[in-house]
Amino acid sequence: ERAIPSWIGPTEASAIQAEMEGTPPLRPMTHDLLERVIQKMSGTVKRVIITHQKENIYYAVIVLEKDRTLLEIDARPSDSIVMALKFKTPILIAKSLFKERALPTGEQGETEDLYGLSLQELTPMLAESFGLKKRRGVLVSDAKEGSLAEKQGFQRGDIIVEIGGEKVEDVPAIKSVLARIKASSKVKVFRKGAFTTLTFNPAK
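Counting in my numbering, the sequence shown runs from -12 upward without gaps.
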């Protein structure tokens, strides 16, 4: 698998996280206001497209539909992603940009096949955006629906910091621990600003 890395600010990252977790704000934020304006005008977001990069800045467009007419609005990728999540619409990347900028995400392979668990290295900026003061652990980028990981409580956005009392600092470390687990083990995760404990049993 391959992905395009993109640095975004803590505010935008928090907005994306809130949409992924389904956490509503106490009062409407900018993205919520824009969503309501579009809906009140009987419009919708059809898709967003990350189009190109110039001077290390990514560019995107939000494709709106109103009265069967499509409109393209210039936007930052981070804002576009939030709007796509709000309207449950596709996030697309220009083929030429993906070919030029995409990097391997690492060998998910066995972990994803066995448990339905997709993992991602936790960068300092990601740790900050999730509210984790010290960068440690591995980010769960996806827990496939119906998978062993989902059934045992893992969620997208979880940060796994310990398994069976053993700290995990990166993806290779967590894969090594998972490969050695034969019975139920306690897993410490950071979720929505607090630590919680799950029980993981690879045999179930």
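The beta carbon of each residue, even a glycine, is placed where N, CA and C say it ideally should be.
Bear in mind the structure is a predicted one, so any value in this text is a computation, not a measurement.
Would you give the residue range spanned by the alpha helix (DSSP H) that S163 belongs to? V158 to R167
Distance between L185 and E(-1) (C-alpha atoms, nearest Å): One C-alpha to the other measures close to 29 Å.
Check whether L104 and E6 have beta carbons under 8 Å apart: no
Residue closest to L165, alpha-carbon to alpha-carbon, out of V69, L106 and M16: L106
Measure the Cβ-Cβ separation of F177 and V148 and say whether it is below 8 Å. In contact: F177 and V148 (Cβ atoms closer than 8 Å).
The region 42 to 61 / the region 14 to 31 touching (three or more Cβ pairs under 8 Å): yes
Rounded to whole angstroms, what is the Cα-Cα separation between Q4 and F117? 8 Å
Complete runs of the alpha helix (DSSP H) confined to the region 69 to 153 [at least 4 residues]: 82 to 88, 96 to 102, 111 to 116 and 135 to 138
Tell whether a beta-carbon distance below 8 Å holds between N188 and S171. yes
CB of V174 within 8 Å of CB of I150, strictly: yes
State the start and end residues of the unbroken alpha helix (DSSP H) segment that holds E(-1). Unbroken alpha helix (DSSP H) run through E(-1): P(-3) to E8.
Verify whether the separation of the beta carbon atoms of Q142 and A130 is less than 8 Å. yes
Give the C-beta separation of I78 and L109 to the nearest angstrom, bearing in mind that I take them to be a contact with Cβ-Cβ under 8 Å. With 8 Å as the limit, I78 and L109 do not qualify as a contact, their Cβ atoms being about 22 Å apart.
Neighbourhood of G180 by C-beta, 7 Å cutoff - its chain only, sequence neighbours within 5 removed: G118
Please look up how many angstroms separate the CB atoms of R63 and A47, rounded, as I've assumed it's under 8 Å. In this structure, R63 and A47 form a Cβ contact; the two beta carbons are roughly 7 Å apart against a cut-off of 8 Å.
Looking at the secondary structure, which residues open and close the beta strand (DSSP E) in which K53 lies? I44 to K53
Assigned secondary structure, V155 (DSSP; H/G/I helix, E/B strand, else coil): coil
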